[in-house]
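>
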Amino acid sequence: MHALLAFRKPFARRAGRLALALVLAAVTLAAGIGLLGVSGWFITACALAGAGSMFNFLGPSAMVRGLSLLRIVARYGERLVGHDATLGLLADLRAFVFRALIPLAPFLTRGRDWTSGDIVSRLTADVDALDTLFLTAITPALTVLLLGLAVAALMAGAIPAAALVVACGVVIVAIVVPLVTVRRGRKPGRAVVAASAEVRAAVLDGLDGHTDLAALGALDEARERVRAASAALSAARLGQIRAGADGALAVQVVAGVVLTGVLWFGLTGLGAGEGALSGPVLVGWLLAGFAIFEAAGPAARGASRVGAAMAAAARLAALTEAKPVVRDPQRPAALPDGAIVFDDVRFAYDPARPVLDGVSLTVSPGERVAIVGPSGIGKSTLVNLLLRLDDPQAGAIRIGGADIRDVAQAELHRRIALMSQDTPVFLGSVRDNLLIGDPAADDAACFRALAAARLEGFVRSLPSGLDTWLGEAGRTLSVGQARRLCLARALLSPAPVIVLDEPTSSLDHETESGFLADLATATQGRTVVMVTHAHLPHGAVDRVLKLDGGRLLPAAA
1 MHALLAFRKP FARRAGRLAL ALVLAAVTLA AGIGLLGVSG WFITACALAG AGSMFNFLGP
61 SAMVRGLSLL RIVARYGERL VGHDATLGLL ADLRAFVFRA LIPLAPFLTR GRDWTSGDIV
121 SRLTADVDAL DTLFLTAITP ALTVLLLGLA VAALMAGAIP AAALVVACGV VIVAIVVPLV
181 TVRRGRKPGR AVVAASAEVR AAVLDGLDGH TDLAALGALD EARERVRAAS AALSAARLGQ
241 IRAGADGALA VQVVAGVVLT GVLWFGLTGL GAGEGALSGP VLVGWLLAGF AIFEAAGPAA
301 RGASRVGAAM AAAARLAALT EAKPVVRDPQ RPAALPDGAI VFDDVRFAYD PARPVLDGVS
361 LTVSPGERVA IVGPSGIGKS TLVNLLLRLD DPQAGAIRIG GADIRDVAQA ELHRRIALMS
421 QDTPVFLGSV RDNLLIGDPA ADDAACFRAL AAARLEGFVR SLPSGLDTWL GEAGRTLSVG
481 QARRLCLARA LLSPAPVIVL DEPTSSLDHE TESGFLADLA TATQGRTVVM VTHAHLPHGA
541 VDRVLKLDGG RLLPAAA
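Note that the UniProt record's numbering numbers the sequence shown so that position 249 is 249, with each residue one more than the last.
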């Protein structure tokens with residue numbers, strides 16, 4: 001339950017719409033109870049009316065029509081408002097979780113048993129489990145409790161003993177049965193969430209690593225993992241369904257006992273003296289009680305999913321409550337313009353094996369510096385430290401004399417544009433991808449950035465120009481065009497510093513050479529820090545340094 005409270009803010013934001021949906025659900029149930037009660041009384045009274053007797057059927061028939069119309073309108077409104085509120089809540093929950101993930105993203109899986117597939121499952125299935133909590137569990141139980149007690153209070157004037165039986169039955173089906181069902185569904189609910197995450201992780205890992213699995217002859221093991229996870233999910237769902245079915249059975253048993261009690265006490269008082277209960281009225285109360293308990297079935301079934309919602313909330317809370325590796329200072333300092341300075345920087349993932357050991361470097365404004373070395377030597381770690389995705393264990397990194405640990409991360413990131421080896425082309429148009437670099441850029445600015453990246457002619461030749469739709473991950477572009485589009489995005493940013501982390505990764509030799517040859521012109525006037533293992537053509541950068549043994553050395557050394 002503590003985990004559910006962690007998401008009270010998104011729920012509170014939609015409280016008004018959720019409350020309106022609850023009111024409309026109560027009106028729908030009230031209309032249904034009144035409709036069944038009045039219909040039972042009306043039909044029975046008509047059947048008992050003798051030949052030649054006077055009977056006013058206009059009033060009851062008008063009530064039936066009115067209650068039917070009210071029930072339809074209220075049901076439509078409840079569905080409309082309820083689903084609008086829950087879909088809005090779904091968006092709020094995803095934004096809430098994603099906002100908490102942003103500072104964690106660079107090192108989300110470090111020191112944790114989280115895989116990319118597991119994180120995707122938390123962002124999708126686990127959020128969906130919370131989204132259905134209100135409609136399937138809370139609303140039915142509350143409406144049955146409120147309307148059931150209201151009917152019992154009204155019944156007390158006609159059949160006092162039966163009213164007490166109805167009230168007890170309502171409390172049992174609206175409170176006791178859901179609580180027991182929640183308790184019974186907690187274990188299978190946790191198993192459903194865990195197994196669902198394992199299925200997604202197994203499928204995503206199998207798709208992402210299909211080439212490697214095929215090359216290593218491990219496809220059978222991957223298939224077996226998916227089969228085992230699917231079997232576990234089926235077993236867990238069966239346990240959850242059993243808990244809901246048992247809860248629904250308990251509701252039916254209680255309903256039978258209550259309706260028998262209403263009939264028993266009603267027949268006892270039937271026709272006993274002046275003002276006694278009549279047969280049609282007894283039938284009306286009996287059917288009104290039946291309508292209450294008919295609506296209690298969904299509450300029991302919805303309660304079986306609360307365990308899964310609680311487990312999903314716990315998994316999401318583990319993400320949202322995790323502490324980021326890097327945090328802003330309480331009073332951020334201003335970030336001036338100036339040189340980038342690495343001052344005797346040391347960093348190690350394993351204290352016994354430092355990746356960077358006494359790195360010192362000064363990059364003057366407007367200078368282009370390349371850092372070369374084999375894969376795994378620590379080049380990307382250097383970039384991560386400059387972007388303050390992590391902090392050095394010793395030494396300092398300064399810009400314009402200010403230690404970047406003393407400034408706000410948002411301010412630092414506004415000064416630095418990054419193009420990494422896995423920078424994606426997003427699903428959308430050319431314009432959508434470019435405006436990530438500068439949301440305020442106009443068409444002229446976009447084309448200037450494209451021209452600097454030598455992609456202007458290609459984009460102008462497209463049927464819709466900047467508004468041409470790109471496939472998922474830029475599948476409609478060649479690899480070289482995709483990299484140049486990412487470079488144009490970085491160039492469109494007003495940031496004075498551009499960091500390039502293996503920008504020619506996955507390019508063929510000819511495309512790589514052309515990309516690097518254009519780099520000096522494309523980045524003119526900007527400070528450039530590039531890490532690469534590619535061969536650099538003459539004039540691409542001003543200085544080349546080699547990272548070796550945790551230290552920076554002149555490339556010629």
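Backbone N, C-alpha and C fix where the C-beta goes; we use that ideal spot for every residue, glycine too.
Within 8 Å, do at least three Cβ pairs link the stretch 248 to 258 to the stretch 154 to 172?
yes
> Does DSSP put I138 in a helix, in a strand, or in coil?
Of the three classes helix, strand and coil, the one that applies to I138 here is helix, per DSSP.
> Under 7 Å between the Cβ atoms of A449 and L492?
Closer than 7 Å, so yes.
> May I ask which residues mark the beginning and end of the alpha helix (DSSP H) holding L219?
L219 to T268
> How many whole angstroms separate the CB atoms of A36 and S68, which I take to be in contact at a CB cut-off of 8 Å?
Per the sequence shown, residue 36 should be read as Leu rather than Ala. Actually they are not in contact, since the Cβ atoms of L36 and S68 sit about 11 Å apart, beyond 8 Å.
> Are the CB atoms of R368 and V541 nearer to each other than 7 Å?
Using a Cβ distance threshold of 7 Å, R368 and V541 count as a contacting pair.
> Are there 16 or more other CB atoms within 10 angstroms of the CB of G244, so buried, or fewer, so exposed?
Its Cβ being crowded by 16 or more others within 10 Å, G244 is buried.
> Tell me the DSSP bridge mates of P554?
L545
> For residue 624 and V407, I'd like the C-alpha separation in whole angstroms.
It is not possible to answer for residue 624, since the shown part of the chain is limited to 1 through 557.
> Let me confirm a value: I102 is counted as buried when at least 16 other C-beta atoms fall within 10 Å, else exposed. Which label applies?
exposed
> If you draw a straight line from the alpha carbon of V262 to that of R190, how long is it in whole angstroms?
Annotation: V262 to R190 spans about 40 Å, alpha carbon to alpha carbon.
> Give me, in chain order, the residues of the same chain whose beta-carbon lies closer than 7 Å to that of R71; leave out the 5 immediate sequence neighbours on both sides.
T28, A31, G32 and L35
> Who does A370 pair with in a DSSP beta bridge?
As a beta-bridge residue in DSSP terms, A370 pairs with M530 and V544.
> Under 7 Å Cβ to Cβ from T124, same chain only, skipping five residues before and after it: list those, please.
none
> Alpha carbon to alpha carbon, how far is P439 from H413?
Each residue's Cα considered, the two are about 15 Å apart.
> Could you say if the stretch 209 to 219 and the stretch 332 to 339 meet the contact criterion of at least three C-beta pairs nearer than 8 Å?
no
> Would you be able to state if there are at least three C-beta pairs under 8 Å between the stretch 516 to 528 and the stretch 475 to 483?
Below 8 Å, too few C-beta pairs join the stretch 475 to 483 and the stretch 516 to 528 to call them touching: fewer than three.
> Between L470, G307, K323 and R75, which has its C-alpha nearest V182's C-alpha?
Of the residues L470, G307, K323 and R75, the one whose Cα lies closest to the Cα of V182 is G307.
> When you compare each of S196, L87, L545 and H535 to F11 by their alpha carbons, which one comes out closest?
L87
> Let me know if T362 comes out buried or exposed under the rule of 16 or more other beta-carbons within 10 Å of its beta-carbon.
exposed
> I need the straight-line Cα distance from A370 to A85, nearest angstrom please.
Their backbone Cα atoms lie some 52 Å apart in a straight line.
> Check each candidate in L487, Q240, W41 and A150 and name the one with the smallest Cα separation from I292.
Nearest to I292 by alpha-carbon distance, out of L487, Q240, W41 and A150, is A150.
> Would you list the one or two residues that DSSP bridges to F428?
The displayed chain sequence assigns Gly, not Phe, to residue 428. Note: G428 sits in a beta bridge opposite L470.
> Compare the Cα-Cα distances from R200 to each of G239, A174, R122 and R186 and report the closest residue.
R122
> Tell me the rounded alpha-carbon separation between C486 and S375.
In this structure, the alpha-carbon of C486 lies about 22 Å from that of S375.
> Please say whether R225 and V326 have beta carbons closer to each other than 7 Å?
no
> First and last residue of the beta strand (DSSP E) that includes I340?
Note, I340: beta strand (DSSP E), I340 to F347.
> Can you name, in chain order, every residue of its own chain whose Cβ lies under 7 Å from the Cβ of A534, other than the five neighbours on each side?
T504, E512 and L516
> Quick one: grab the DSSP three-state call for A202.
helix
> Tell me the DSSP secondary structure of L435 in three-state form.
helix
> Sorted by chain position, which residues of the same chain lie with C-beta nearer than 8 Å to G52's C-beta, five sequence neighbours on each side aside?
For G52, the predicted structure reports a pLDDT of 49, less than 50, and the residue's modelled location is therefore unreliable. A value from the coordinates is still provided. Result list for G52: empty, nothing under 8 Å.
> Which runs of the alpha helix (DSSP H) at least 4 residues long sit entirely within the stretch 350 to 394? Give them in chain order.
379 to 386
> Where residue 561 and L142 are concerned, what is the direct C-alpha to C-alpha distance, given to the nearest angstrom?
Past the boundaries of the shown model lies residue 561; the chain is included only from 1 to 557, so the question cannot be answered.
> So, is the C-beta of V531 closer than 7 Å to a C-beta in chain B?
Looking at the structure shown, chain B is missing, and only one protein chain is on hand.
> For the alpha helix (DSSP H) containing I416, list its first residue and its last residue.
Note, I416: premise wrong, no alpha helix (DSSP H); beta strand (DSSP E) at I416 to M419.
> Taking the DSSP output, what are the residues bridged to R184?
In DSSP, R184 forms no bridge with anything.
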